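So that you can map any letter, position 91 of the sequence shown is 91 in UniProt numbering, and since no number is skipped, the others follow by simple counting. Beta carbons are placed, not taken as given, at the ideal position from N, Cα and C, and that holds for glycine. Since this is a predicted model, take the numbers as computed values, not measurements. One structure below.
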Amino acid sequence: MSNFSRYYLQQMGITLWQCHKPEQFPHLASQAEKIALPKYCQILIIANDKLAPHSQFINQILRTLQLELNQSHIITEEELKYYYQTPKWIWTIGCKQSDLAAKQQLSSPHLDVLLHSAQAKKQLWQQIVSYMQ
């Protein structure tokens, strides 16, 4: 809150309170404090590791979804709490499934596991196919 806003509220006789443990009141978090997803974002990729070494593989998956890398937004699981919008697609990589209610959600193990496990690739492919029908 800006100093002007604080002053304005003070002049109106409104007492300001500050919560010292906001994590105990997540339902009180205002959307004004949260961030909107970029307009280009069609798929939100949530991963806790750097994905740059695997960008070729990620590109292949995105092309299957008829998306480009520039239509994606990559964040960590920790950063997810700062966003309030839900994109068309969410892909969680190596972390728990998102609580956001996207129309289409993919979940896969860490990319190092995914690249070397035929079973993990098969499970990801089955998820993709289920949305393409």
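(message) Measuring only the C-alpha atoms, how far is K122 from K103?
(response) Going by C-alpha positions, K122 is about 21 angstroms away from K103.
(request) Would you check if the segment 113-121 and the segment 66-84 touch, i.e. whether three or more CB-CB distances between them fall below 8 angstroms? (result) No, the segment 66-84 is not in contact with the segment 113-121.
(request) Taking L111 and F57 to be in contact with their CB atoms under 8 angstroms, please state how far apart those CB atoms are, rounded to whole angstroms. (result) Between L111 and F57 the beta-carbon gap is near 7 angstroms, inside 8 angstroms, which marks them as a contact.
(message) My output table needs one value for N3: the three-state DSSP class, helix, strand or coil.
(response) Three-state result, N3: helix.
(request) Compute the distance between the beta-carbons of W89 and L124, then report whether it is under 8 angstroms. (result) No; because the gap between Cβ atoms is not below 8 angstroms, this pair is not in contact.
(message) Within a Cβ cutoff of 8 angstroms, which residues of the same chain sit near K43, ignoring the five residues on either side of it in sequence?
(response) The sequence shown places Ile at residue 43, not Lys. L62, L65, L67, Q71, S72, H73, P87, K88, W89, I90 and W91.
(request) Taking all protein chains shown into account, decide if S55 is buried (16 or more other Cβ within 10 angstroms of its Cβ) or exposed. (result) Classification for S55: exposed.
(request) Using alpha carbons as the reference points, say which of W17, I75, Y83 and L9 lies closest to I93. (result) The option with the nearest alpha carbon to I93 is I75.
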